[in-house]
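For the sequence shown, the numbering used here gives the first residue as 101, with consecutive numbering after it.
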Amino acid sequence: MNEAQLASCYLSCLKLAEQHKVASIAFCCISTGVFHFPNERAAEIAVQTVKEYKVRTCSKIKVIFNVFKDMDREIYRKILQ
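As structure tokens, then:
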């Protein structure tokens with residue numbers, strides 16, 4: 101999976117959630133497991149894509165980044181500061 105595909109995945113999920121009037125959505129670390137996408141870059145794309153979407157659409161959807169590894173929690177914590 102390349103960077104554009106990863107961003108598109110997040111956008112598609114956000115749009116679908118909004119269409120169904122979902123109040124919140126949780127994302128795991130998409131593509132960082134068996135697809136071996138670099139964790140830090142994946143987190144940067146996830147956060148950037150969500151932030152840009154929320155600004156562009158004035159969306160109030162609550163987004164949760166769900167992580168399983170301490171390493172990922174620290175990556176997201178650093179990016180979201």
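For every residue, glycine included, the Cβ atom is placed at its ideal position computed from N, Cα and C.
Note that the structure is predicted; figures quoted are calculated from it, not measured.
Can you check DSSP and say which residues form a bridge with residue i?
| i | result |
| --- | --- |
| Ile125 | Val163 |
Please state whether DSSP places residue i in a helix, a strand or coil.
| i | result |
| --- | --- |
| Phe130 | Note that residue 130 is Ile in the sequence shown, not Phe. In this structure, Ile130 counts as coil in the three-state DSSP scheme. |
| Asn102 | coil |
| Lys169 | coil |
| Gln119 | helix |
| Cys109 | helix |
| Gln181 | coil |
Can you give the beta carbon distance from residue i to residue j, rounded, assuming they're within the 8 Å contact cut?
| i | j | result |
| --- | --- | --- |
| Ala142 | Ile125 | Actually they do not touch by this definition, with Cβ atoms about 17 Å apart. |
| Tyr153 | Phe165 | Contact flag wrong, Cβ pair sits at about 14 Å. |
| Asp172 | Asn139 | 6 Å |
| Leu106 | Ile161 | 19 Å between Cβ atoms; not a contact. |
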